[in-house]
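In the numbering used here, the protein residues as written are 143 to 513. Cβ coordinates follow ideal geometry from the N, Cα and C atoms, glycine included. This structure is a prediction, so every number in the text was calculated from the model and none was measured.
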């Protein structure tokens, strides 16, 4: 069952952006994905439905910006395990593409790029670890077809250095609501176990994410007494160096890599070597313990001994990924691009009076022909 709990005594305020007229799919793409839109010759399709279009407000990072707005503008906040997972996948995409050759052996056995006819089944057949696709695609009680499609496109973007793709046309948050079940959030926490196998940076990142997801999970056991210090520290502006243009709370865990895959969360420790006879789990725990000791000074907000860092609001990374794809339209080959991720905030009402004072991240996808 979903849980809703009070975080701050502030009264919920209406979302001022909701006064704007509904946008077309192309207008949402233009505002949310400003780098990709100039490449768009014709928008072929998107996941945005007519029913939801009027409730969407474009965001370059729809997850981080939605949570930040809920905090700063006093809106109720709704989160799903799928949205947290897509935010994690998007960040991981930036890291993998920046370390493609270093990580090649984790994903594929071939050199160069292999052409694939979309989508996930072909990727499943061509990756080293057959569980990779299952790990990437969400499977929570809240998961929709759109969530799995967005995640599949993010997966394609993550692996775009290994494959070429062809497609055939056939200031306080008043309340927080966590959708889904306790089992969903427990499954999301378990998905972090794979991250340390991908390098020192993902290992440090997993260390930052675990305390956050553990507190999400704990709410289901005691929704009447949530960890208010945690939920009020999403942005954390309690020190003199963190002004209104910076965030330094636990939300920064979803901003550790920039769009180029460059680590921004502080100095990393040396990664211990794996020797014959060492268990992966034991090595991972040892590695995380070392990381905890060595990155303790990288941030000012500390959660379970894990420090978080400060980032300018202007430097929040994108919440979406993109990948080129060749579309074969009955023999006519079109050079296209698929873009997917958190590209908007969804505005809705949870009050009897109908006031639009609630926000949640909105994950969408687009496919367009390139110039």
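Cross-strand partners of residue i (DSSP beta bridge)
i           : result
residue 484 : 505
residue 182 : 512
residue 319 : 146, 220
residue 356 : Residue 356 pairs with nothing; no bridge assigned.
residue 454 : 388
residue 227 : Its beta-bridge partners do not exist; DSSP assigns none.
residue 97  : Residue 97 is absent from the model: the chain starts at 143 and stops at 513.
residue 235 : DSSP, once it has assigned bridges, lists no residue as partnering residue 235.
residue 464 : 481
residue 405 : 399
DSSP state of residue i mapped onto helix, strand, coil
i           : result
residue 374 : coil
residue 326 : helix
residue 499 : coil
residue 490 : strand
residue 392 : helix
residue 300 : helix
residue 400 : coil
residue 200 : strand
residue 188 : strand
residue 157 : coil
residue 167 : helix
residue 425 : Residue confidence for residue 425 is low, a pLDDT of 43 falling below 50, so the modelled location carries little weight; the figure read from the coordinates is stated next. Here residue 425 sits in helix by DSSP.
residue 251 : coil
Within 8 Å, strictly: CB atoms of residue i and residue j
i           : j           : result
residue 283 : residue 225 : no
residue 279 : residue 343 : no
residue 149 : residue 391 : no
residue 181 : residue 513 : yes
residue 369 : residue 505 : no
residue 489 : residue 477 : no
residue 338 : residue 152 : no
residue 510 : residue 244 : no
residue 564 : residue 331 : For residue 564 there is no data in the structure shown, the boundaries of the chain being 143 and 513.
residue 470 : residue 306 : no
Integer-rounded CB distance, given that residue j should sit under 8 Å from residue i
i           : j           : result
residue 155 : residue 241 : Wrong, their Cβ atoms sit about 42 Å apart, outside the cutoff.
residue 402 : residue 178 : That belief does not hold up - the Cβ atoms of residue 402 and residue 178 are roughly 15 Å apart, past 8 Å.
residue 229 : residue 358 : Residue 229 to residue 358, Cβ: 13 Å. No contact.
Touch test, the segment 163-171 against the segment 456-475, Cβ-Cβ under 8 Å, three pairs minimum: no
Touch test, the segment 196-213 against the segment 470-490, Cβ-Cβ under 8 Å, three pairs minimum: yes
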